[in-house]
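The next block holds one structure in the form of structure tokens; read it before the comments.
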Amino acid sequence: MPELPEVEYGRQVLHGAAVGRRIVQADVADDPIVLDGISAHVVRQTLLGAQAVQTDRHGKHLWLVLADRPAVLFHFGMTGAFRTLGDEPLQLETSGRRTDRSWPPRFTKLRLVFDDGGEIAFVNSRRLGRVRLRDDPRAEPPICTLGYDPLRTLPSAEGFTSRIGRRRTALKVLLLDQTFAAGVGNWIADEVLYQARLDPHRTVDTLDAAQRDRLRLSVRHVVKTAVRHNADKDRFPASWLFHHRWGKVEGARTAAGQAIEFVTLGGRTTAWVPALQR
DNA sequence: CTCAGTGTTCAGTG
DNA sequence: TCACTGAACACTGA
2 MPELPEVEYG
12 RQVLHGAAVG
22 RRIVQADVAD
32 DPIVLDGISA
42 HVVRQTLLGA
52 QAVQTDRHGK
62 HLWLVLADRP
72 AVLFHFGMTG
82 AFRTLGDEPL
92 QLETSGRRTD
102 RSWPPRFTKL
112 RLVFDDGGEI
122 AFVNSRRLGR
132 VRLRDDPRAE
142 PPICTLGYDP
152 LRTLPSAEGF
162 TSRIGRRRTA
172 LKVLLLDQTF
182 AAGVGNWIAD
192 EVLYQARLDP
202 HRTVDTLDAA
212 QRDRLRLSVR
222 HVVKTAVRHN
232 ADKDRFPASW
242 LFHHRWGKVE
252 GARTAAGQAI
262 EFVTLGGRTT
272 AWVPALQR
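Here it is as structure tokens:
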């Protein structure tokens, strides 16, 4: 689930449930992996009684700002999501088709109850997600180490080129590098390259100015479009590679009938259309 | 039973 | 130091 658009949607869910309310109950799972070494007790003490004043996001990290306390950062890993009490479970675990109506849901790592009676749960089945506390999230790791957020920022052509620097890595690897652009994950990287008509194997130093600019604008376009549709895959444009790239299906084709090829790049499955991408 | 997986990190190499 | 690679992490579901 969780690349920038899904995380942005998660932020909006958290915002709607939390901001302007006081936390009257906080259940924190005793999970040292997801809590990144902090004790559940410390997290609970931070949250309990706190007034939620704002939410924010950078790349795949989002956080809840509390009055007079550290902010609570969330990273979804491969399987994180927020659920709210009474909502349909829209954001289920990776491919869990089974509708989980229990409350709190399975794999809840953090459950917050607010003074208006609303509740939100952070669920994370594979434990690659993280919950962290930070006084000044943007100034501290991990967020201060990240590159630009494509939803907030469109670098100029010159800025984009200087961010690439003297690297010679494959385009796919560049896009997955969170210190380059924060929030781009595996499917977005493939979609961006598909729409920019660039071969994912190409190294960044081989691009001319026009190709670099196609890349720059494609990153923004894919991210903005996915966010505009609330990360709801069914509403992504029918022309997108996205709809045809899953499962490494032998003989997979785009809507236009062009063959999709699957290779491994940067350690990830990469889907691309050789007939189109150069 | 095996394996892939929408992510990140760290050890090792050149 | 930098850039890059690949394994490891942890767990579910196909």
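So the mapping is simple: our numbering equals the position in the first sequence, first residue as 1, plus 1.
Every residue gets a Cβ at the ideal spot worked out from N, C-alpha and C, and that includes glycine.
Element boundaries [alpha helix (DSSP H), containing residue i]
{"i": "residue 189", "result": "187 to 197"}
{"i": "residue 121", "result": "Residue 121 -> not in any alpha helix (DSSP H); beta strand (DSSP E) instead, spanning 120 to 125."}
{"i": "residue 252", "result": "Per DSSP, residue 252 belongs to no alpha helix (DSSP H) and is neither H nor E."}
{"i": "residue 73", "result": "Careful: residue 73 lies outside any alpha helix (DSSP H), inside the beta strand (DSSP E) at 72 to 76."}
{"i": "residue 159", "result": "158 to 165"}
{"i": "residue 214", "result": "210 to 229"}
{"i": "residue 132", "result": "First-last for residue 132: 131 to 135, but that is the beta strand (DSSP E), not the alpha helix (DSSP H)."}
{"i": "residue 110", "result": "No alpha helix (DSSP H) contains residue 110, which is instead part of the beta strand (DSSP E) from 109 to 115."}
{"i": "residue 13", "result": "5 to 19"}
{"i": "residue 42", "result": "41 to 48"}
{"i": "residue 176", "result": "172 to 177"}
Whole-number beta carbon distance between residue j and residue i, since they are thought to touch under 8 Å
{"i": "residue 148", "j": "residue 135", "result": "Wrong, their Cβ atoms sit about 18 Å apart, outside the cutoff."}
{"i": "residue 125", "j": "residue 81", "result": "5 Å"}
{"i": "residue 284", "j": "residue 278", "result": "In the structure as shown, the chain begins at 2 and stops at 279. Residue 284 is therefore absent and cannot be evaluated."}
{"i": "residue 12", "j": "residue 56", "result": "5 Å"}
{"i": "residue 324", "j": "residue 254", "result": "Nothing about residue 324 can be reported from this structure: the residues present for the chain run from 2 to 279 only."}
{"i": "residue 53", "j": "residue 19", "result": "4 Å"}
{"i": "residue 267", "j": "residue 177", "result": "5 Å"}
Distance CB(residue i)-CB(residue j) smaller than 8 Å
{"i": "residue 152", "j": "residue 223", "result": "no"}
{"i": "residue 256", "j": "residue 239", "result": "yes"}
{"i": "residue 194", "j": "residue 218", "result": "no"}
{"i": "residue 115", "j": "residue 39", "result": "no"}
{"i": "residue 4", "j": "residue 188", "result": "yes"}
{"i": "residue 185", "j": "residue 132", "result": "no"}
{"i": "residue 170", "j": "residue 213", "result": "no"}
{"i": "residue 1", "j": "residue 68", "result": "Because the chain spans 2 through 279 in this model, residue 1 falls outside it and cannot be assessed."}
Neighbourhood of residue i by C-beta, 6 Å cutoff - its chain only, sequence neighbours within 5 removed
{"i": "residue 129", "result": "78, 79"}
{"i": "residue 122", "result": "84, 105, 106, 109, 112"}
{"i": "residue 231", "result": "10"}
{"i": "residue 234", "result": "none"}
{"i": "residue 51", "result": "24, 67, 70"}
Cβ shell of residue i (< 8 Å), same chain only, five flanking positions each side left out
{"i": "residue 41", "result": "29, 30, 31, 32"}
{"i": "residue 117", "result": "22"}
{"i": "residue 8", "result": "58, 60, 61, 62, 63, 77, 184"}
{"i": "residue 252", "result": "260"}
Cβ-based neighbour list, residue i, same chain, cut-off 7 Å, excluding 5 preceding and 5 following
{"i": "residue 146", "result": "180"}
{"i": "residue 249", "result": "263, 270"}
{"i": "residue 190", "result": "173, 176, 177"}
{"i": "residue 17", "result": "none"}
Residue i - containing beta strand (DSSP E), residue span
{"i": "residue 81", "result": "81 to 85"}
{"i": "residue 274", "result": "It is not in any beta strand (DSSP E) - residue 274 carries neither H nor E in the DSSP assignment."}
{"i": "residue 63", "result": "62 to 67"}
{"i": "residue 29", "result": "24 to 29"}
{"i": "residue 54", "result": "53 to 59"}
{"i": "residue 263", "result": "262 to 266"}
heavy atom of the ligand MG below 7 Å from residue i C-beta
{"i": "residue 73", "result": "The ligand MG is absent from the structure shown, which contains no ligand whatsoever."}
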